[in-house]
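*Asks:* Take this structure, written in structure tokens, and hold onto it; I'll ask about it next.
Number of protein chains: 4
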Amino acid sequence: MKQTEKPNGRAERSKQAILDATRDLLAADGDVGSLTVEAVAARSGVAKTTIYRRWRDKWELALDAVMIDMLPSFANPVDVGDTRNELITFVDSVVKIWSSRPYGPAMQALVSQISTQPELARVYRERVVEPRRDQLAPVIERGIRRGDLRPDTDVRLVHEFLVGPILYRLLLSGPPLDRKLGTRLVDGILEGFKPPEKAAGTKRRR
Amino acid sequence: MKQTEKPNGRAERSKQAILDATRDLLAADGDVGSLTVEAVAARSGVAKTTIYRRWRDKWELALDAVMIDMLPSFANPVDVGDTRNELITFVDSVVKIWSSRPYGPAMQALVSQISTQPELARVYRERVVEPRRDQLAPVIERGIRRGDLRPDTDVRLVHEFLVGPILYRLLLSGPPLDRKLGTRLVDGILEGFKPPEKAAGTKRRR
Amino acid sequence: MKQTEKPNGRAERSKQAILDATRDLLAADGDVGSLTVEAVAARSGVAKTTIYRRWRDKWELALDAVMIDMLPSFANPVDVGDTRNELITFVDSVVKIWSSRPYGPAMQALVSQISTQPELARVYRERVVEPRRDQLAPVIERGIRRGDLRPDTDVRLVHEFLVGPILYRLLLSGPPLDRKLGTRLVDGILEGFKPPEKAAGTKRRR
Amino acid sequence: MKQTEKPNGRAERSKQAILDATRDLLAADGDVGSLTVEAVAARSGVAKTTIYRRWRDKWELALDAVMIDMLPSFANPVDVGDTRNELITFVDSVVKIWSSRPYGPAMQALVSQISTQPELARVYRERVVEPRRDQLAPVIERGIRRGDLRPDTDVRLVHEFLVGPILYRLLLSGPPLDRKLGTRLVDGILEGFKPPEKAAGTKRRR
DNA sequence: GACTAAGCGAGACGGTACGTCGCGTCTTAAA
DNA sequence: TTTAAGACGCGACGTACCGTCTCGCTTAGTC
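Chains as they are written, first to last, in my numbering: chain A, 1168 to 1373; chain B, 1168 to 1373; chain C, 1168 to 1373; chain D, 1168 to 1373.
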């Protein structure tokens, strides 16, 4: 049995120490500059070499550190018989994670690296984007079956409509991510912006 | 008269050389790392000192360089009598700028700095986010007057629904920014995802 | 019986493998840098631990490796009835060993460590310098008895006159160690540099 | 005028600080390990980069540091009408420099690098070996003219006879470099080791 | 038409962190 | 019990850019 797989072996212990130190540093302040491999090494009581043995550079480390406990915190929307509520559950979990430390600031700091380094992008898509879309898919399916959503509703498009605006606020457009944001987004895309009287008779253009 | 204000003085000439070099380096490859102050100095035939005299650091320089010719390229949607077309014009100009060099890659590279440094964020909002919202406002107003949009349509929300998903694709979710994207986004938010027969009788919740 | 003393025990076999690997690496190229403990371990198929069990550090190992087969290769000058020839035999064995691989390059690489670390210096003197002087002593004694050398000839001084210049060439002054070098050195110290007519009547100053 | 050539410019000041720190560290203890570029930087209040800008590695720096004030300290033997005294003057200056700090220990530490790195070897020969031989040449010439030395006396050989044994003691054979050493060496090579009565009638073999 | 001071090129500098290398120690599983 | 395998703490390496700092030279604008 390899050492790395042993639950409480030295390898595992130092790995945890590194990830903890990384999260601490990311949470300490939003400054990307605070996350240095040397600082992680110092804080975790681990040698720099040990860090580089496991992660190619500090961005891979940071992504790992934030993803590992970001993933389980996603609310998995269960069937509550109400599509709107299920969508709000989904979108609120996005708002919640990105408005909490260290995840919001970490995302701000990491996003340039993720979108720039193909390997990081691949990992992020595989481990975050796709799982989240897979969580949303059954909600959409149930919504269509219930008659709450158009039969041709595209999961990918809905996903982008729900997450994109939150990302835009987090990164560029500024206003804080407040509690009501999720509800407004869900209502926005459910109802659309055409006035009801006109919407009734409109043929959907695609 | 100060030299800086003279149209073709030494100061102005070197400023242009610096901005040009910056754009060249950003366009050369998507790698952020290629943009170093020393590289800019070398390529523009200017001393590093001269760069630091004008910009606090390379991120301010980079933001300046890309904003300066990004701004005039925004399509200003004119009144064509059709709200949907006007919205598509707006959103297509976002898709277009972010899918072209060096603006897309530059945005990917800069977004972490913008969202992390308050001063950069302020500048970006003042000079990009708000002007774009100001462009969108008359479109929304005309749409409401024409009866194409609900009377309570929120410009800010529509803006975020149109730009957010594009940003999400550019940075994280991956799929390329294609030509049909703008149309799909506009139709998505106009119609909403409720089926027509139900949407007709629904009371909007806000 | 301890394993270390068993002629073909595991201990003895790995010791030989380590020494062989060390010599190979030293011979491979003159570069000292090629001799790393990790390289020795890899090449000998032995764990680093096993090396450190036997040698304090790589310099002790290296010195051991080169001394072990350097020692028996010393020509032990036998009584051939001619002092000059016996001295040439002695000095030529020094020239020969230091102009061959890996001994010359190894000496160049090791000399700083030997002269710097007291323990290594002690070992080198006990196992190389003194045995060689002990080889030279009977040659000098026979030379004095035969009337070929002054009665007060100092073995230590002759030894240093014969070996020193060779070492100087090997390490610093540069010219290659050629075959005639031994003869020139022996003649140089036998005759001295005073002209014969004067030397005859000179009283030796000491 | 280049800054580097300015006698008290920043460049020159930091260069001196670096060389001083290097000598201090070399003198502090004979340990080679004490001479680290980082230690030199720390002690001299200079950035590591500044050191690497001028010297390829710590060995070039060390060689420079010791050579610079070793060279002027060489006693240049003047014509005192007595060849033996002039030779003793020469050889004593070698004994003296190598028995003083930091030059002796530094030489012990550096000799492996000098003899191993062709570039260092070239510098050492050009700046130390050859100048010293050039100092010895006129002594030999005068000695021949005076009839104190054989007409075919080879400067190179005499030089090696005088310096080699000292080097051998410094590095390997052990006994300290004492004050009488120079005299013994000069007498040794002047008289040779053949007994006077035999030496008179001997034909020199070369 | 010379004088002078601001702005500039050039590039060395102190500094921080990088990612790498090899040392010598320590842990673990298998022989 | 000893070994091979190899992770680890450590310390230094040499590099890359950062942003600051002289230093003369250029170059306008003033006298």
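C-beta: ideal position from N, C-alpha, C; glycine also. Keep in mind it's a predicted model, so treat the numbers as computed, not measured.
Only counting the same chain, and skipping five residues up and downstream in sequence, which positions put a Cβ closer than 7 Å to that of Gly1349/C?
*Replies:* Walking along the third sequence from the start, residue 1349/C turns up at place 182. Within the same chain, Gly1349/C has close Cβ partners Ile1255, Val1258, Asp1259, Val1262.
*Asks:* Looking only at its own chain, which residues have a Cβ that is under 7 Å from the Cβ of Gly1200/B, when we skip the five neighbours before and after it?
*Replies:* Here residue 1200/B corresponds to residue number 33 of the second sequence, with the count starting at 1. The answer is none, since no qualifying residue turns up.
*Asks:* Check whether the Cβ of Leu1324/D lies closer than 8 Å to any Cβ atom in chain C.
*Replies:* The sequence position of residue 1324/D within the fourth sequence is 157, counting from 1. Cβ-Cβ to chain C under 8 Å: yes for Leu1324/D.
*Asks:* Quick one, which residues of the stretch 1341–1365 of chain C are near chain D if we go by CB-CB under 9 Å, in chain order?
*Replies:* So the close ones are Gly1341, Pro1342, Thr1350, Arg1351, Leu1352, Asp1354, Gly1355, Ile1356, Leu1357, Glu1358, Gly1359, Phe1360, Lys1361, Pro1362, Pro1363, Glu1364, Lys1365.
*Asks:* Please identify, using Cβ separations under 7 Å, the residues of the stretch 1263–1274 of chain D that lie next to chain C, in order along the chain.
*Replies:* Going along the stretch 1263–1274 of chain D in chain order, one finds no residue with a Cβ nearer than 7 Å to chain C.
*Asks:* Going by beta carbon distance, what residues of the same chain come within less than 7 Å of Val1204/A, once the five residues before and after it are set aside?
*Replies:* Along the first sequence, read from residue 1 onward, the residue named residue 1204/A stands at position 37. Only Lys1215, Ile1218, Lys1225 meet the Cβ criterion.
*Asks:* Alpha carbon to alpha carbon, how far is Pro1342/A from Leu1277/A?
*Replies:* The residue you call residue 1342/A lines up with position 175 of the first sequence. The residue you call residue 1277/A lines up with position 110 of the first sequence. Pro1342/A and Leu1277/A: Cα-Cα distance of roughly 20 Å.
*Asks:* Take Val1306/B and list the residues in its own chain whose beta-carbon comes closer than 8 Å to its own, dropping the five residues that flank it on each side.
*Replies:* By 1-based counting over the second sequence, the position of residue 1306/B is 139. These residues qualify, in order along the chain: Pro1244, Thr1250, Glu1253, Leu1254, Phe1257.
*Asks:* According to the neighbour-count rule (16 or more other Cβ atoms, all chains shown, within 10 Å of its Cβ), is Ala1229/B buried or exposed?
*Replies:* Counted from its first residue, the second sequence places residue 1229/B at position 62. Per the 10 Å Cβ criterion, buried.
*Asks:* Counting Cβ pairs, one atom from each stretch, are 3 or more of them under 8 Å apart for the stretch 1289–1302 of chain D and the stretch 1305–1323 of chain C?
*Replies:* No contact exists between the stretch 1289–1302 of chain D and the stretch 1305–1323 of chain C.
*Asks:* Below 7 Å on C-beta distance, what does Val1330/A contact in chain B?
*Replies:* Here residue 1330/A refers to the residue found at position 163 when the first sequence is read from its first residue. The answer, in chain order, is Tyr1335.
*Asks:* Between Gly1271/A, Ile1311/A, Leu1334/A, Val1213/A, which lies nearest to Met1234/A when the distance is taken from Cα to Cα?
*Replies:* As a working mapping, residue 1234/A is identified with position 67 in the first sequence. Met1234/A has its Cα closest to that of Gly1271/A, out of Gly1271/A, Ile1311/A, Leu1334/A, Val1213/A.
*Asks:* Over what stretch of residues does the alpha helix (DSSP H) that includes Arg1299/C continue unbroken?
*Replies:* Residue numbering aside, residue 1299/C sits at position 132 when the third sequence is read from its first letter. First-last of the alpha helix (DSSP H) with Arg1299/C: 1297–1313.
*Asks:* In three-state DSSP terms, what is Lys1215/B?
*Replies:* Position 48 of the second sequence, counted from the start, is the residue given in the question as residue 1215/B. Note: Lys1215/B maps to helix in three-state DSSP.
*Asks:* Measure the Cβ-Cβ separation of Leu1337/A and Ser1282/B and say whether it is below 8 Å.
*Replies:* Counting from 1 along the first sequence, the entry for residue 1337/A is found at position 170. Counting from 1 along the second sequence, the entry for residue 1282/B is found at position 115. The answer is yes: Cβ separation under 8 Å.
*Asks:* Quick check: the Cα distance between Arg1313/C and Arg1312/D, rounded to an integer number of angstroms?
*Replies:* One-based indexing of the third sequence puts residue 1313/C at position 146. One-based indexing of the fourth sequence puts residue 1312/D at position 145. Those two C-alpha atoms are separated by around 35 Å.
*Asks:* Chain C beta carbons: is any one of them nearer than 8 Å to that of Ala1214/D?
*Replies:* In the fourth sequence, the residue the question calls residue 1214/D occupies position 47. Answer no: the Cβ-Cβ gap between Ala1214/D and chain C never drops below 8 Å.
*Asks:* With 16 other CB atoms within 10 Å as the buried threshold, where does Ala1232/B fall?
*Replies:* On the second sequence, residue 1232/B is found 65 positions in, with the first residue counted as 1. It counts as buried.
*Asks:* Let me check understanding here. Comparing Cα to Cα, which of Asp1321/D, Leu1352/D, Pro1363/D, Lys1347/D lies closest to His1326/C?
*Replies:* Position 159 of the third sequence holds residue 1326/C. Minimum Cα distance to His1326/C is reached at Leu1352/D.
*Asks:* I'd like to check one pair, Gly1355/B with Leu1324/A: are the Cβ atoms closer than 8 Å?
*Replies:* Locating residue 1324/A in the first sequence gives position 157, counting from the first residue. Locating residue 1355/B in the second sequence gives position 188, counting from the first residue. Yes, the pair counts as a contact, with Cβ atoms nearer than the cut-off.
*Asks:* Just to confirm the assignment, what range does the alpha helix (DSSP H) spanning Asn1252/C have?
*Replies:* Within the third sequence, numbered from 1, the residue matching residue 1252/C stands at position 85. Looking at the DSSP string, the run of the alpha helix (DSSP H) that includes Asn1252/C is 1250–1265.
*Asks:* As a quick exercise: from Ser1279/D, Arg1223/D, Ala1273/D, Leu1192/D, pick the residue whose alpha carbon is nearest that of Ala1209/D.
*Replies:* As a working mapping, residue 1209/D is identified with position 42 in the fourth sequence. Per the Cα distances, Leu1192/D.
*Asks:* According to DSSP, is Trp1222/B helix, strand or coil?
*Replies:* The residue you call residue 1222/B lines up with position 55 of the second sequence. Here Trp1222/B sits in coil by DSSP.
*Asks:* Starting from the Cα of Glu1286/B, find the closest Cα among Pro1239/B, Gly1331/B, Arg1223/B and give me that residue.
*Replies:* The residue labelled residue 1286/B in the question sits at position 119 within the second sequence. Cα-wise, what sits closest to Glu1286/B is Arg1223/B.
*Asks:* Whose Cβ in chain B lies nearer than 7 Å to the Cβ of Leu1238/A?
*Replies:* The count along the first sequence starts at 1 and reaches residue 1238/A at position 71. Under the 7 Å cutoff, chain B gives no residues; its nearest Cβ is about 15 Å from Leu1238/A.
*Asks:* Is the Cβ of Ser1260/A closer than 8 Å to any Cβ of chain B?
*Replies:* Reading the first sequence from its first residue, position 93 is the one you call residue 1260/A. It does not; no Cβ of chain B falls within 8 Å.
*Asks:* In three-state DSSP terms, what is Lys1182/D?
*Replies:* Residue 1182/D sits at position 15 when you count from the first residue of the fourth sequence. Lys1182/D falls in the helix class under three-state DSSP.
*Asks:* Going by alpha carbons, who is nearest to Leu1202/A out of Arg1220/A, Gly1212/A, Ala1188/A?
*Replies:* Locating residue 1202/A in the first sequence gives position 35, counting from the first residue. Considering only alpha carbons, the answer is Ala1188/A.
*Asks:* Using alpha carbons as the reference points, say which of Pro1239/C, Phe1328/C, Ser1211/C, Arg1268/C lies closest to Arg1180/C.
*Replies:* As a working mapping, residue 1180/C is identified with position 13 in the third sequence. The shortest C-alpha separation from Arg1180/C is found at Ser1211/C.
*Asks:* Please tell me whether Ile1281/C has its Cβ less than 8 Å away from any Cβ of chain D.
*Replies:* Locating residue 1281/C in the third sequence gives position 114, where the first residue counts as 1. True, the Cβ-Cβ gap to chain D drops below 8 Å.
*Asks:* Would Tyr1219/C pass as an interface residue toward chain D - the criterion being a Cβ-Cβ separation below 8 Å?
*Replies:* Locating residue 1219/C in the third sequence gives position 52, where the first residue counts as 1. No - not a single Cβ of chain D is within 8 Å of the one on Tyr1219/C.
*Asks:* With a threshold of 8 Å between beta-carbons, can Asp1301/D be considered close to chain C, or not?
*Replies:* Position 134 of the fourth sequence, counted from the start, is the residue given in the question as residue 1301/D. Closer than 8 Å: no.
*Asks:* Might you give, ordered along the chain, the residues of its own chain that have their beta carbon closer than 7 Å to the beta carbon of Val1247/B, omitting 5 neighbours on each side?
*Replies:* Position 80 of the second sequence, counted from the first residue, corresponds to residue 1247/B. For Val1247/B, where only same-chain residues beyond five positions count, the Cβ hits under 7 Å are Glu1253.
*Asks:* Please decide whether Glu1253/B counts as near chain A, where near means a Cβ-Cβ distance under 8 Å.
*Replies:* If you number the second sequence from 1, residue 1253/B lands on position 86. Closer than 8 Å: no.
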